[in-house]
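First the structure, in the form of structure tokens, and then the observations on it.
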Amino acid sequence: MPDHEQPDAIEPLALARSSWSDEQAHGVAVAGALGRAAETVVRRQRPELVPTRVTVDLFTPTRMAPAWTTTEVVRESGRLMLVDVVLHQEAGPTARASTLWLRPSEDAPGETWTNPDVPEAPPLEVAPETDEPHVPFIHSGAGWSQDFREHQDAERKTYWNTAPSIVLGEPVTPFQAVAASADGTSLAANWGTAGVQHINADVTLTLSRLPVGVTVGLRTLDRVEHDGVAVSSCTVFDRHGKVGTTLVTSMSNTRRGIDMGGKRWEDDPRSEPGV
1 MPDHEQPDAI EPLALARSSW SDEQAHGVAV AGALGRAAET VVRRQRPELV PTRVTVDLFT
61 PTRMAPAWTT TEVVRESGRL MLVDVVLHQE AGPTARASTL WLRPSEDAPG ETWTNPDVPE
121 APPLEVAPET DEPHVPFIHS GAGWSQDFRE HQDAERKTYW NTAPSIVLGE PVTPFQAVAA
181 SADGTSLAAN WGTAGVQHIN ADVTLTLSRL PVGVTVGLRT LDRVEHDGVA VSSCTVFDRH
241 GKVGTTLVTS MSNTRRGIDM GGKRWEDDPR SEPGV
């Protein structure tokens, strides 16, 4: 049985609507809702722990209809806490998350290899610091801009976004922001010359620290595709450096591909181009 239930329903607003279907909530909203539920449990029971991994399975479309979460503490010890969350709607579960929280300590002695490549955030004159949600900034061969029509190319992409509140009226936390933004990996990595032709079935986020604030960057790290199945990863970063890594598994969805080159998200600053 779940250790904790949150029976109060949350209902997706227009900002949560997916580009795949007007009847479907995008993964940014779903991942954010699951992360919020896990954080609520951990902050109440073990506030000294820090989030280190979130794996979200998006196994059924979450409809633009009321939903609620249930949580279960799978394992707890002095050094860790493993919390599972399930998102439910009237027809049944639509998504789940496994989250791992660890107790921080001192760094280990000695030296180890680390990748010296650190992604660069957009210049402040292009993307001023803010806690207000905005249309994501994208970097590709065209440089940084919020005009998605400039980025429908085969170049490596970087995504920079300030997360909105997961629940209206609640301030978004750094963990909620990065958990939600992790789903942007699919957009950053699967967007090519024909738009976005793959839909992700999951997203995994690993963290060595929380971002400073609620603005997060994703820089495509790698992408491999065979027989319509793509595996993609991104480096997660903020203006202070690298934060962690994301990984998504996606399947070809060419019958409902999204032509991002025809979008003008900059026309509405409230838009969230979640896929």
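Reminder that position 213 of the sequence shown reads as 213 in my numbering, one-by-one numbering, no gaps.
Think of the CB as a built atom: it goes at the ideal place given N, C-alpha and C, for glycine as much as any other residue.
Keep in mind the model is a prediction, meaning the values are calculated, not measured.
So, with DSSP's three-state summary, where would you put Leu87? In this structure, DSSP gives Leu87 an extended state, which the three-state scheme calls strand.
To the nearest angstrom, how far is it from the Cα of Pro66 to the Cα of Ala9? Cα to Cα, the separation comes out at about 6 Å.
Quick one: Cα of His88 to Cα of Ala95, how far? Approximately 7 Å, taken between the alpha carbons.
So, under 8 Å CB-CB, Val50 and Leu34 are touching, yes? Tell me the CB distance rounded to an integer number of Å. About 18 Å separates the beta carbon of Val50 from that of Leu34, a gap too long to meet the 8 Å contact definition.
Whose CA, out of Pro133, Gly195, Gln176 and Val167, lies closest to the CA of Lys157? That would be Gly195, whose Cα lies nearest to the Cα of Lys157.
Please specify which runs of the beta strand (DSSP E), each continuous and at least 3 residues long, are wholly inside the region 204–236, giving them in chain order. Within the region 204–236, the runs of beta strand (DSSP E) at least 3 residues long that lie entirely inside it are, in chain order, 215–226.
Output the distance between the C-alpha atoms of Leu100 and Thr52, rounded to the nearest integer angstrom. C-alpha separation (whole angstroms): 6 Å.
Compute the distance between the beta-carbons of Ser186 and Gly27, then report whether it is under 8 Å. The Cβ atoms of Ser186 and Gly27 sit closer than 8 Å to each other.
Mind checking whether Thr69 and Ala91 have CB atoms under 8 Å apart? Taking 8 Å as the Cβ cut-off, Thr69 and Ala91 do not qualify as a contacting pair.
Can you give me the start and stop residues for the alpha helix (DSSP H) that Val167 sits inside? First-last for Val167: undefined, no H or E at that position.
So, with DSSP's three-state summary, where would you put Gln176? Note: Gln176 maps to helix in three-state DSSP.
By alpha-carbon positions, which one of Tyr159, Gly192 and Ile166 ends up nearest to Gln146? Residue Tyr159 is the option with its Cα nearest to Gln146.
Going by CA-CA distance only, name the one from Ala154, Pro133, Glu132 and Thr130 that's closest to Gly141. Residue nearest to Gly141 within the set Ala154, Pro133, Glu132 and Thr130 is Ala154 (criterion: CA-CA distance).
Looking at the unbroken alpha helix (DSSP H) that takes in Ala31, where does it start and where does it end? Per DSSP, Ala31 belongs to the alpha helix (DSSP H) from Gly27 to Gln45.
In chain order, what residues of the same chain lie with their CB nearer than 6 Å to the CB of Val74, ignoring the 5 residues before and after it? Result list for Val74: Leu82 and Asp84, in chain order.
Near Thr254, which residues of its chain fall below 6 Å by C-beta distance, leaving aside the five closest residues on each side in sequence? Excluding sequence positions up to five before and after Thr254, its CB lies within less than 6 Å of the CB of Gln197, all in the same chain and listed in chain order.
Cβ atoms of Pro122 and Asn161: under 8 Å apart, would you say? In this structure, Pro122 does not lie closer than 8 Å to Asn161 by Cβ.
In terms of alpha-carbon separation, which member of Phe148, Thr114 and Leu15 lies closest to Met64? Measuring from the Cα of Met64, the nearest candidate turns out to be Leu15.
Helix, strand or coil for Leu49 per DSSP? In the structure shown, Leu49 sits in coil (DSSP, three-state: anything other than H, G, I, E or B).
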